[in-house]
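Residues -5 to 215 (the working numbering) are what the sequence shown spells out, left to right.
For glycine and all other residues, C-beta sits at the position ideal for the given N, C-alpha and C.
As structure tokens, the structure follows; a few thoughts come after it.
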Amino acid sequence: MCAAARYGRSMRLHVVDHPLVAHKLSTLRDERTDSPTFRRLTDELVTLLAYEATRDVRTDRVEITTPVAVTTGTRLSYPRPLVVPILRAGLGMLDGMTRLLPTAEVGFLGMVRNEETLEASTYATRMPEDLSGRQVYVLDPMLATGGTLVAAIRMLIERGATDVMAVVLLAAPEGVAVMERELAGLPVTVVTAAVDERLNENGYIVPGLGDAGDRLYGTAG
Ligand code: URA
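Okay, structure coming up:
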């Protein structure tokens, strides 16, 4: 049975509507924001998005003893969630995500977009071969054409992931449409701070925030 038939769910898109999210995103958009401030605000914004993205993280009921009584509590289930930043820019989102999920495992996916064809290709993969039953949080700041995230999410689901949450700072409507079409029926949720107007002819999100990797780390890489 193909994966789409097995899951039969349409992609979920969650745009986080919160004044702190809007405030931090506006400062990220501002071209005058320097790299140190951009990194710190990305970190803070991801933590807010992570709060929403983990709403359905799997948990178990456990018995705990307080200084006063025995009661029932909640703890994250095994297998632990996996967090996968897409290099390079997704690395700037890792600390913000693992702050809320400190026991998560971390895998890495190196992907690069050809700036002429806008096609994504993989140059490094560091994560378990078998992701059966795992919830995976994939981090990439910009959902632009959708090519990178579609390729990454297909790979995660082929390895057995049962739930994939893509956490992105910003999305373009074109990228959302590509993901909805290419990942139809798969267990995928996109959590973002905003869906912008459009992509320009160079594949940049408008109004966007520019090149997220360059704004985080400069142009050396
Ligand atoms: N990648 C970026 O860093 N910015 C965009 O606007 C689109 C893709």
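Residue i - containing alpha helix (DSSP H), residue span
i    : result
T21  : 13 to 23
A188 : Counting along the chain, A188 falls outside any alpha helix (DSSP H), though it belongs to the beta strand (DSSP E) covering 182 to 189.
Under 8 Å between C-beta atoms of residue i and residue j
i    : j    : result
V170 : V189 : yes
L103 : V78  : yes
R23  : G86  : no
A83  : P135 : yes
L94  : T31  : no
G202 : E25  : no
G141 : E113 : yes
L133 : L88  : yes
G90  : D37  : yes
Close beta carbons around residue i, own chain, < 6 Å, minus the five adjacent residues each side
i    : result
L76  : E99, G101, R128, V130
R55  : T66
A145 : A114
E176 : V144
D11  : none
Residue range of the unbroken beta strand (DSSP E) whose run includes residue i
i    : result
L95  : Element bounds for L95: n/a, residue is neither H nor E.
A44  : Where A44 is concerned, there is no enclosing beta strand (DSSP E), although the alpha helix (DSSP H) it sits in stretches over 29 to 47.
M149 : Here M149 belongs to no beta strand (DSSP E); instead the alpha helix (DSSP H) covers 141 to 152.
R120 : 114 to 120
R6   : 6 to 9
V132 : 129 to 133
Spatial neighbours of residue i in its chain, beta-carbon cut-off 7 Å, leaving aside the 5 residues before and after
i     : result
G212  : S29
V9    : T186, A188, V189
A(-3) : Its pLDDT being 44, under 50, A(-3) is placed unreliably in this model, and the coordinates cannot settle the point.
Other residues of its chain near residue i: CB distance less than 8 Å, five sequence neighbours each side excluded
i    : result
L193 : A138, T139, A166, E168, G169, I199, V200
S4   : E174, A178, G179
L81  : F102, L103, G104, M105, A118
M218 : In the structure as shown, the chain starts at -5 and stops at 215, and residue 218 therefore has no counterpart that could be examined.
T27  : T21, L35, R209
Distance between beta carbons of residue j and residue i, contact taken as under 8 Å
i   : j   : result
T53 : R69 : 6 Å
Problem - Three or more C-beta pairs below 8 Å linking the segment 51 to 60 and the segment 178 to 192 - result: no
Exercise for the section: Specify whether the segment 44 to 52 and the segment 152 to 167 touch according to this definition: at least 3 beta carbon pairs, one from each stretch, less than 8 Å apart. Expected result: yes
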